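Here the structure is laid out as structure tokens; the discussion comes afterwards.
Protein chains: 2
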Amino acid sequence: LDETAMRAARDRHDRLTKPRGSLGALEELGVRLSGVAGACPPPLPAPAAVAVFAGDHGVHAQGVTPWPQEVTAQMVQNFLAGGAVVNAFARQAGAEVTVVDVGVATELPPAPGLLVRKVANGTADITQGPAMTADEARRAVEVGIEVARDLVAAGNRCLITGDMGIANTTPSAALIAAFTGRSVEGVTGYGTGIDDITHARKIKVVHTALARARTELPGHDGSDGADPRVASAEPLAVLAQIGGLEHAAIAGFILGAAAQGVPVLLDGVIAGAAALVAAALARGARDYCVAGHRSAEPGHAAALWFLELRPLIDLEMRLGEGTGAVLALPIVSSAVRVLHEVATFDSAGVADKDAASPDGT
Amino acid sequence: LDETAMRAARDRHDRLTKPRGSLGALEELGVRLSGVAGACPPPLPAPAAVAVFAGDHGVHAQGVTPWPQEVTAQMVQNFLAGGAVVNAFARQAGAEVTVVDVGVATELPPAPGLLVRKVANGTADITQGPAMTADEARRAVEVGIEVARDLVAAGNRCLITGDMGIANTTPSAALIAAFTGRSVEGVTGYGTGIDDITHARKIKVVHTALARARTELPGHDGSDGADPRVASAEPLAVLAQIGGLEHAAIAGFILGAAAQGVPVLLDGVIAGAAALVAAALARGARDYCVAGHRSAEPGHAAALWFLELRPLIDLEMRLGEGTGAVLALPIVSSAVRVLHEVATFDSAGVADKDAASPDGT
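Going line by line, the protein sequences match chains A and B. Adding 861 to a residue's 1-based position in the first sequence gives its number in my numbering. Adding 861 to a residue's 1-based position in the second sequence gives its number in my numbering.
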């Protein structure tokens, strides 16, 4: 990040007509976005585009969710028809919605707003073998990078992550356990709302997938110890073992945003898991991420903690699709507007209590 | 609130294409706004108007803040010029800003966007005597009621509280201690950012004001016990003893919104103190309040706790002006849009995992 721009933003915040520091976390956000853009004030995050990456999961066969797998494709149709919650939120926030089929199990008819970038017809069952091949993982990451590149080329100044994939909180939990070292029990939640029996099964499934993956990752001893961490392995190899195609694409989307110098607003637990992958591939990618919200899924809090990202909204949402990120977009815009539009003490003729102590005490 | 409309909103939430309950606190908000409007879906909260009630405080003489009193009038000019943070946030959220002079110490020149409704040239020093007369308190409440009435008559479907008044976190702390029974130390914060010596003085000032007020309120024994609660006294009498003119006006503004059946989005600690007064005058008024954010000021958390209001945003802001409330407006709009725009499982052709168990298990 550009330290000069960040310093300029801090200085500017202190001259604006408000008590110093009184915008709390919004000031830190404005400073970081200045660093991302290499300019103070940074550009307003508009236009903004949410990319909803859709994929299916072989682990669905293990009974980790009561939702049928067909719902992934059905919800893609709902997104394209404008009928999902992410569409309603995007209309409110003024963001455009693009759906990317990176791995839906069935063929989807071409439609406006749908990018067909299918790498595979869903992943394989992570309890039985790798989710995908190394080549598929790499290609799915590249899909995300390319979507980010194209959306920025189209003029977007803020990218927003979205996801759709029945069962995708299960590979998210596996990735989060692997990359943060937190316990499987601590990061595996109730997803869209499962019962306790399904939740117990889901925890067992994540354990099984991690134990299996460990035996296949180079440099690991294959022991089934308490620490599920596999993060010292090559991140793409971990992703291929226990991830999902939309996780891979979102990791690439984050890398693409960072490469273009554009902030990326993260949604919930799927984006959090993907951001761990992106940060493992390129540590600096984390600096371009803004956590839109904290979801009710416990693994998401673990991912945000590991990435040291503070969520802007915390309303116990657990819907995915990008909803929590899109909901936070006006807050990001507001933080940037402060640096563009608010008068200084000098320009407004307002007395500054700190003017006599320029060291800011 | 209209129970039928609230039931309809709950039913509708359960038929929309999302896992049940997955919008967390936004679903409760949509339900309550349906109850406020007596309709499901409730009207979108647009247009929305923020009223910034400005007043000065005699207790400023006790050295509770380093800011000169003139800053109240200077910031009013800043609001009218569009240069304050609340203006920037309002442009982002699409809200209109009106400034109401209910008690600024100096005369303000007439200007577009300024309503001159001055009840007094600031309050008296609450350590020395009542802040205002009973008649002034009543008139200031009426100012708020009338502003709410006029803004609703002008077509607004959401009212937003704002405030400006150097030293106004001091009477806020006094009101919050009085109405919630929390300790003075627990509700008196650093306001716009004071040092520890000033904070200690501010706590003493609030204690003095409360002890003095107790001796003047009928039905109290005048003892200086640990419990500063004076809430069993007549609320307007408490307000006149230790409040501020903008607190009184905001209390009226809340009552006016409730009377018109329009939701009122509350800002920080000044609005929280005023909402305690409004709820003491008419308990049902609380149901029309939406807490925009939780400020860094500890008394605000106490007020929200007492009113059982959950803030939508919690970013350690402590600026006032209405900033935290305006920032939350797009979240409120989004919660309402869900009930208007999101497809049902039936209409979108999406399989509902809960369809076979209509009791919602």
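Ideal Cβ placement from N, Cα and C applies to all residues, glycine included. The structure presented is a predicted model; accordingly, all values stated were derived computationally and were not measured.
Cα-Cα separation between B:A1146 and A:F940, rounded to whole angstroms: 39 Å
Mark A:E864 as exposed unless 16 or more other C-beta atoms lie within 10 angstroms of its C-beta, in which case mark it buried. exposed
Does chain B have any CB closer than 8 Å to the CB of A:P927? yes
Any beta carbon of chain A sitting closer than 8 Å to that of B:F1040? By this cut-off, B:F1040 is not an interface position.
Rounded to whole angstroms, what's the CA-CA distance from B:G811 to B:V1125? Just pull it up for me. In this structure chain B extends from 862 to 1222, so residue 811 of chain B is not present and cannot be described.
Is the shortest distance between the beta-carbon of A:P880 and the beta-carbons of chain B less than 8 Å? yes
Report back the beta-carbon spacing between B:D1024 and B:A1118 to the nearest angstrom; my notes put them in contact at under 8 Å. Actually they are not in contact, since the Cβ atoms of B:D1024 and B:A1118 sit about 15 Å apart, beyond 8 Å.
With respect to the alpha helix (DSSP H) encompassing A:L877, which residues constitute its N-terminal and C-terminal limits? Judged by DSSP secondary structure, A:L877 falls outside any alpha helix (DSSP H); it is assigned neither H nor E.
Could you tell me the alpha carbon to alpha carbon distance between B:V1130 and B:E1158, rounded to whole angstroms? Looking at the two C-alpha atoms, the distance is approximately 7 Å.
Do you know offhand how far B:H1201's Cα is from A:M1178's? 19 Å
In this structure, what does DSSP give as the bridge partners for B:A909? B:A956 and B:C1019
Per-residue burial, B:P971 [other beta carbons within 10 Å of its own, 16 or more giving buried]: Only exposed fits B:P971, as fewer than 16 other CB atoms lie within 10 angstroms of its CB.
Residue interval of the alpha helix (DSSP H) (run including A:V937): First-last of the alpha helix (DSSP H) with A:V937: E931 to L941.
Within its chain, find whatever has a CB closer than 8 Å to the CB of A:A995; leave out the 5 residues flanking it on each side and keep chain order. L1097, A1098 and A1101
Exposed or buried, what is B:E889 when buried is set at 16 or more other beta-carbons lying within 10 Å of its beta-carbon? Result: buried.
What is the DSSP secondary structure of B:A1204, reduced to helix, strand or coil? coil
Burial state of B:T959 (16 or more Cβ within 10 Å): buried
With respect to the alpha helix (DSSP H) encompassing A:V1008, which residues constitute its N-terminal and C-terminal limits? For A:V1008, the enclosing alpha helix (DSSP H) stretches over residues A995 to A1014.
Please list, in chain order, the chain A residues whose beta carbon lies closer than 8 Å to that of B:D1128. The premise fails here: B:D1128 is roughly 13 Å from chain A at the closest Cβ pair, so nothing lies under 8 Å.
From A:T1076 to B:V1187, what distance separates their C-alpha atoms? 53 Å
So with CB distances below 9 Å, who are the chain B contacts of A:L1188? L887, P1191, I1192 and S1195
Report, in whole angstroms, the separation of the C-beta atoms of B:L1168 and B:A1140, which I expect to be a contact under 8 Å. Taking the Cβ atoms as the reference, B:L1168 lies roughly 6 Å from B:A1140, within the contact range of under 8 Å.
So which residues on chain B does A:N1017 lean against when the C-beta distance must stay under 7 Å? Correct list: empty, because the minimum Cβ distance to chain B is about 18 Å.
Taking 7 Å as the cut-off, is the CB of A:K1214 close to at least one heavy atom of the ligand GTP? You won't find the ligand GTP in this model; it holds no ligand whatsoever.
Contacting residues, own chain, Cβ-Cβ under 6 Å from B:E1007 (five flanking each side not counted): none
By how many angstroms is the C-alpha of B:G1160 removed from the C-alpha of B:N1027? The question names Asn, but residue 1027 of chain B in the sequence shown is Ile. Across the structure, B:I1027 and B:G1160 are spaced so that their CA atoms are roughly 17 Å apart.
On the DSSP letters alone, give me the boundaries of the alpha helix (DSSP H) that B:A1034 sits inside. T1030 to T1041
Kindly indicate if chain B contains any beta-carbon less than 8 Å away from that of A:K1214. yes
Spatial distance of A:D872 from B:T933 (CA atoms): 24 Å
Where A:I1058 and A:L887 are concerned, what is the direct C-alpha to C-alpha distance, given to the nearest angstrom? 41 Å
Which residues DSSP lists as bridging A:L1127, in chain order: A:A1152
Count the CB pairs spanning the segment 983-990 of chain A and the segment 1057-1072 of chain A that are closer than 8 Å, and state whether there are at least three. yes
What is the DSSP secondary structure of A:D962, reduced to helix, strand or coil? strand
Residues in the segment 1168-1186 of chain B having any Cβ partner in chain A nearer than 9 Å: R1171, L1173, I1174, D1175, L1176, E1177, M1178, R1179, L1180, G1181, E1182 and T1184
Contact under 8 Å by Cβ, A:N911 with A:V947: Here the sequence assigns Val to residue 911 of chain A, which means Asn is not the residue at that position. Yes.
Hey, out of B:A954, B:M993 and B:A966, whose CA is closest to B:I1103's CA? B:M993
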